[in-house]
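Undergrad:
Numbering (UniProt numbering), first residue to last: 1 to 249.
As structure tokens, this is what we get:
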């Protein structure tokens, strides 16, 4: 889909477990707890394919053998470490998954027991138990849901409706910055190829409507050409305009 740049990214992150023989089975459409962190919990299509066509989470990584890996933070000595590692769904079942950051002082003083995921079931576990990992709540959703503000204080059906509306909008000519942002807009821009980004640090020496020339630190001139009036598959145009000025570093 090329309705806008956002819908193109969402369409590339789709995954399906469609099978004509098992299409009527409701167990396939349900949310499996071993998919937590690798597949989005909310984002799915509407109609007869509901639950069959879903989306990846925003920080998923695919291995050579098509195994899905998602980031997590290890919990050692009732403290959440800052380094991020990746784990697949098979190794996830051997750990106790936490959803609260116990690095906070109030959690260490008052929350001795908390709801956790262990072997595909939710249980109350003591936080002093070893072999625990912490998954950030925002890592369980796709790019579409991460752009919805106050997602944890909203209804899941309304979050899905807002994500669908974002993928169906048409870009305006004079856009403005949003008043309320979630902070994941930068990650979305880094995932698309429609936004032209410089690969070297330097100074802009020439700007026009169709190209940008940058002189890098090694005194080399690098030319970037903009997309002009390209046709999309929805019979609209893909048109880029420069957002830099001459002399900008």
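Where is the CB? At the ideal position from N, CA and C, for every residue including glycine.
#1: From what residue to what residue does the beta strand (DSSP E) around residue 250 run?
#2: Can you find the residues in the same chain that come closer than 6 Å, C-beta to C-beta, to residue 187, ignoring five residues on each side of it along the sequence?
#3: For residue 5, I'd like the list of residues in its chain whose CB is within less than 6 Å of its CB, leaving aside the five on either flank, ordered along the chain.
#4: Per the DSSP calculation, residue 202 is bridged to which residue(s)?
#5: Starting from residue 96, trace the alpha helix (DSSP H) in both directions and tell me its first and last residue.
#6: Between residue 171 and residue 75, what straight-line distance do the alpha-carbon atoms span, to the nearest angstrom?
#7: CA-CA distance, residue 253 and residue 180?
#8: Give me the Cα-Cα distance between residue 209 and residue 161, rounded to the nearest whole angstrom.
#9: Taking 6 Å as the cut-off, is the beta-carbon of residue 12 closer than that to any non-hydrogen atom of the ligand SAM?
#10: With burial defined as no fewer than 16 other Cβ atoms inside 10 Å of the residue's Cβ, what is the status of residue 155: buried or exposed?
#11: Given residue 238, which residues of its chain have a CB within under 6 Å of its CB, disregarding the five upstream and five downstream residues?
#12: Identify the residues that DSSP records as bridge partners of residue 123: which are they?
#13: Taking the straight line between their C-alpha atoms, what separation do you get for residue 214 and residue 178?
#14: Residue 186 by DSSP, collapsed to three states: which one?
TA: The short version:
#1: Here the chain covers residues 1 to 249 and nothing more, so residue 250 does not appear.
#2: none
#3: 192, 194
#4: 216
#5: Looking at the DSSP string, residue 96 is not in any alpha helix (DSSP H); the run it does join, the beta strand (DSSP E), is 96 to 98.
#6: 43 Å
#7: The chain is shown from 1 up to 249; residue 253 falls before or after that span and cannot be answered.
#8: 37 Å
#9: Although the ligand SAM was asked about, the structure shown includes no ligands whatsoever.
#10: exposed
#11: 227, 230, 232
#12: 116
#13: 29 Å
#14: helix
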